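Visitor: The structure that follows is given in the form of structure tokens.
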């Protein structure tokens, strides 16, 4: 009886070892098993300029200059790394069209608290994020404008004086 148990145990052990071994894949001629989605994803990622911008409780962005390529889609991520609520120290990212005055826009935006400090008349903007507070993140995608230099700012009241920079499209 013990002999039968040992024989069965040996047979099952061998079967498990053989079943778990590496199998060689047979490939058909003229057929590719490569993952095309990786290649497609890489092409799409090359057409997107990814920008990560942080803001803090000291009314600062971590960048005062952002460079992107003309004709590409821009994916901008704004992260609020501070501790204060958005009612006290809210931040956003607003990209203005060329020729728009930062101070005039900032003063106008301050009167639109009910719209997260974005004027209802958005003809002066190219893109903007929502207003965020401590620990929050906002992501937007937009097409890069024509080559040139543009201003960006935070439109929370008074922040535009410090929280601003140049958005350069090459």
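Numbering (the UniProt record's numbering), first residue to last: 1 to 170.
Positions of the beta carbon are idealized from the N, C-alpha and C atoms, including for glycine.
If you're wondering where the values come from, they're calculated on a predicted model, not measured in any experiment.
From the DSSP secondary-structure annotation, give me the bridge partner or partners of residue 95.
Guide: As a first step, residue 95 is located in the chain shown; it is residue number 95 there, counting from the start. DSSP output for residue 95 lists 127, 152 as bridge partner(s).
Visitor: Give the straight-line distance between the Cα atoms of residue 162 and residue 47, rounded to the nearest whole angstrom.
Guide: To locate residue 162, count along the chain shown from 1; it is residue 162. To locate residue 47, count along the chain shown from 1; it is residue 47. Looking at the two C-alpha atoms, the distance is approximately 32 Å.
Visitor: For the beta strand (DSSP E) containing residue 138, name the first residue and the last one.
Guide: On the chain shown, residue 138 is found 138 positions in, with the first residue counted as 1. Per DSSP, residue 138 belongs to the beta strand (DSSP E) from 137-143.
Visitor: Can you tell me where the beta strand (DSSP E) with residue 50 in it begins and where it stops?
Guide: Here the question's residue 50 lines up with position 50 in the chain shown. 48-55 is the span of the beta strand (DSSP E), which, as asked, contains residue 50.
Visitor: Taking 8 Å as the cut-off, decide whether the C-beta atoms of residue 75 and residue 131 are in contact.
Guide: Here residue 75 is taken as the residue at index 75 of the chain shown, counted from 1. Here residue 131 is taken as the residue at index 131 of the chain shown, counted from 1. Cβ distance not < 8 Å, so residue 75 and residue 131 don't count as in contact.
Visitor: I'd like to know whether the C-beta atoms of residue 65 and residue 166 end up nearer to each other than 8 Å.
Guide: Taking the first residue of the chain shown as 1, we reach residue 65 at position 65. Taking the first residue of the chain shown as 1, we reach residue 166 at position 166. In this structure, residue 166 lies closer than 8 Å to residue 65 by Cβ.
Visitor: Just to confirm before moving on: does the CB-CB distance between residue 127 and residue 155 stay below 8 Å?
Guide: Counting from one through the chain shown, the residue named residue 127 turns up at place 127. Counting from one through the chain shown, the residue named residue 155 turns up at place 155. In this structure, residue 155 does not lie closer than 8 Å to residue 127 by Cβ.
Visitor: Please state the DSSP three-state secondary structure of residue 108.
Guide: Taking the chain shown and counting its residues from 1, one reaches residue 108 at position 108. In this structure, DSSP gives residue 108 a helical state, which the three-state scheme calls helix.
Visitor: Answer yes if the region 112-121 comes into contact with the region 50-64, meaning at least three C-beta pairs across the two stretches below 8 Å, and no otherwise.
Guide: As far as the Cβ criterion goes, the region 50-64 does not touch the region 112-121, which means the pair count is below three.
Visitor: Can you give me the start and stop residues for the alpha helix (DSSP H) that residue 86 sits inside?
Guide: Stepping through the chain shown from its first residue, residue 86 is reached at position 86. First-last of the alpha helix (DSSP H) with residue 86: 86-89.
Visitor: Is residue 120 buried or exposed, if buried means 16 or more other CB atoms sit within 10 Å of its CB?
Guide: Residue 120 sits at position 120 when you count from the first residue of the chain shown. Answer is exposed; the Cβ neighbour count stays below 16.
Visitor: In terms of DSSP beta bridges, what is residue 165 paired with?
Guide: By one-based count along the chain shown, residue 165 stands at place 165. Residue 165 is bridged to 152.
Visitor: Over what stretch of residues does the beta strand (DSSP E) that includes residue 58 continue unbroken?
Guide: Start at 1 with the first residue of the chain shown, and residue 58 comes out as number 58. Looking at the DSSP string, residue 58 is not in any beta strand (DSSP E), and its letter there is neither H nor E.
Visitor: Measure from the alpha carbon of residue 78 to the alpha carbon of each residue in 141, 151, 169, then state which is nearest.
Guide: Mapped onto the chain shown, residue 78 falls at position 78. The candidate whose alpha carbon is nearest that of residue 78 is 141.
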